[in-house]
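Asker: Just so we're aligned, residue 174 is where the sequence shown starts under our numbering, counting upward by one. From the three backbone atoms N, C-alpha and C, an ideal C-beta is built for every residue, glycine too.
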Amino acid sequence: MAEYGQWFCAKYNRHFHSTVSYNCHTSIDDDGFEVTINIPEGLVRLHPGFWEVFIPYHYVQLFLHDGNWFWIRDKVFNLVLALGVKEAWYCDEYAMDQLDEDNNFEDFIQMMIGWVGEPQEYSIKQVLANEERTGSYINDLEYGPFYHDSFDEYFDTYQTLSNQIFDAKGVVLLGLSRFGQNYLLVEDRCGVNLIHRDTLELLFNTPKEEIVWYSGMQYFIRCNEKYARFEGDGKQISPYEEEYVF
Numbered sequence: 174m175a176e177y178g179q180w181f182c183a184k185y186n187r188h189f190h191s192t193v194s195y196n197c198h199t200s201i202d203d204d205g206f207e208v209t210i211n212i213p214e215g216l217v218r219l220h221p222g223f224w225e226v227f228i229p230y231h232y233v234q235l236f237l238h239d240g241n242w243f244w245i246r247d248k249v250f251n252l253v254l255a256l257g258v259k260e261a262w263y264c265d266e267y268a269m270d271q272l273d274e275d276n277n278f279e280d281f282i283q284m285m286i287g288w289v290g291e292p293q294e295y296s297i298k299q300v301l302a303n304e305e306r307t308g309s310y311i312n313d314l315e316y317g318p319f320y321h322d323s324f325d326e327y328f329d330t331y332q333t334l335s336n337q338i339f340d341a342k343g344v345v346l347l348g349l350s351r352f353g354q355n356y357l358l359v360e361d362r363c364g365v366n367l368i369h370r371d372t373l374e375l376l377f378n379t380p381k382e383e384i385v386w387y388s389g390m391q392y393f394i395r396c397n398e399k400y401a402r403f404e405g406d407g408k409q410i411s412p413y414e415e416e417y418v419f
């Protein structure tokens with residue numbers, strides 16, 4: 174898993190236009206090493222023994238979905254693959270403010286337990302059952318402030334789809350986060366493309382240099398260091414320009 178994580182992280186960084194920065198400083202009073210990965214969806218920062226992933230969504234959005242499609246969780250799963258780990262813990266956007274830079278993973282867990290109690294297990298079935306019982310699409314009172322997620326069904330789904338897609342088109346699946354209505358990001362030796370999750374048909378006739386999710390059904394495609402915006406069905410809706418803005 175670790176070797177795959179290193180391979181995927183290299184692909185993720187290149188095709189999602191990520192930048193990796195290392196800030197190192199040493200002095201008599203302070204000796205530190207910081208690793209930060211800037212990604213279009215947010216920020217990944219290395220702490221002693223764990224990764225902190227900050228994405229610009231409200232905590233409650235983890236429970237928003239369209240049927241069985243939980244789009245924020247899909248994005249987190251992509252990062253789980255990229256970092257070569259198998260699980261994640263969810264807390265609100267204020268929890269990390271309580272930690273010092275030298276706190277390790279055990280410090281984080283104990284802080285959260287002392288603050289809000291033991292983590293609950295994140296479960297899509299439980300989310301759907303809560304909504305059926307309350308008749309509400311989202312109800313803050315039904316969800317706790319601290320969750321653990323093992324992504325069991327995601328790993329199974331990813332492996333199954335990966336095998337199907339490679340057998341059908343000879344391309345590698347790069348994650349489960351959707352582009353447009355029902356497309357997934359894939360790669361071959363020539364570049365990246367989008368493939369329909371159900372029909373396994375590629376959206377573009379030729380691979381692209383880079384495809385970056387934008388918002389809703391839209392995304393950017395890079396060509397010769399310039400970017401254009403596209404609709405979910407592959408229709409170009411803006412000219413190629415030197416930069417894209419989220």
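Measuring alpha carbon to alpha carbon, tell me which of F223, T333 and N211 ends up nearest E274.
Answerer: Working through the sequence shown from its first residue, we reach residue 274 at position 101. Out of F223, T333 and N211, F223 has the C-alpha closest to the C-alpha of E274.
Asker: Does the stretch 250-260 come into contact with the stretch 211-230, if we say contact requires no fewer than three beta-carbon pairs (one atom in each stretch) closer than 8 Å?
Answerer: As far as the Cβ criterion goes, the stretch 250-260 touches the stretch 211-230, which means the pair count is three or higher.
Asker: Is it buried or exposed for L357, if we count other Cβ within 10 angstroms and need 16 for buried?
Answerer: On the sequence shown, position 184 is the one that residue 357 refers to. Buried.
Asker: Counting only runs that start and end within the stretch 330-384, where is the beta strand (DSSP E) found for 3 or more residues in a row?
Answerer: Counting only runs of 3 or more, we get 345-352, 356-361 and 364-369.
Asker: For E305, name the three-state secondary structure that DSSP assigns.
Answerer: Within the sequence shown, numbered from 1, the residue matching residue 305 stands at position 132. In this structure, E305 counts as helix in the three-state DSSP scheme.
Asker: Taking G407 as the reference, which of T379, G240, E398 and H238 has the closest Cα?
Answerer: Looking up residue 407 in the sequence shown gives position 234. Nearest option by C-alpha distance: T379.
Asker: Which one or two residues does DSSP pair with V233 in a beta bridge?
Answerer: The residue given as residue 233 occupies position 60 in the sequence shown. Its beta-bridge partners do not exist; DSSP assigns none.
Asker: Excluding the 5 residues flanking W244 on each side, which residues of the same chain have their C-beta closer than 8 Å to its C-beta?
Answerer: Your numbering for residue 244 matches position 71 in the sequence shown. Closer than 8 Å at the Cβ level, and outside the excluded window around W244, lie L237, H238, S350 and R351.
Asker: How long is the line joining the alpha carbons of E382 and K399, rounded to whole angstroms?
Answerer: Counting from one through the sequence shown, the residue named residue 382 turns up at place 209. Counting from one through the sequence shown, the residue named residue 399 turns up at place 226. Cα to Cα, E382 sits roughly 10 Å from K399.
Asker: Taking just the CA atoms, how far does F281 sit from R187?
Answerer: Within the sequence shown, the letter at position 14 stands for residue 187. Within the sequence shown, the letter at position 108 stands for residue 281. Any reading at R187 is ruled out, since the residue's pLDDT is 44, under 50, leaving its predicted position unreliable.
Asker: Measuring alpha carbon to alpha carbon, tell me which residue in T330, D270 and L367 is nearest I394.
Answerer: Here residue 394 corresponds to residue number 221 of the sequence shown, with the count starting at 1. Closest option to I394, Cα to Cα, is L367.
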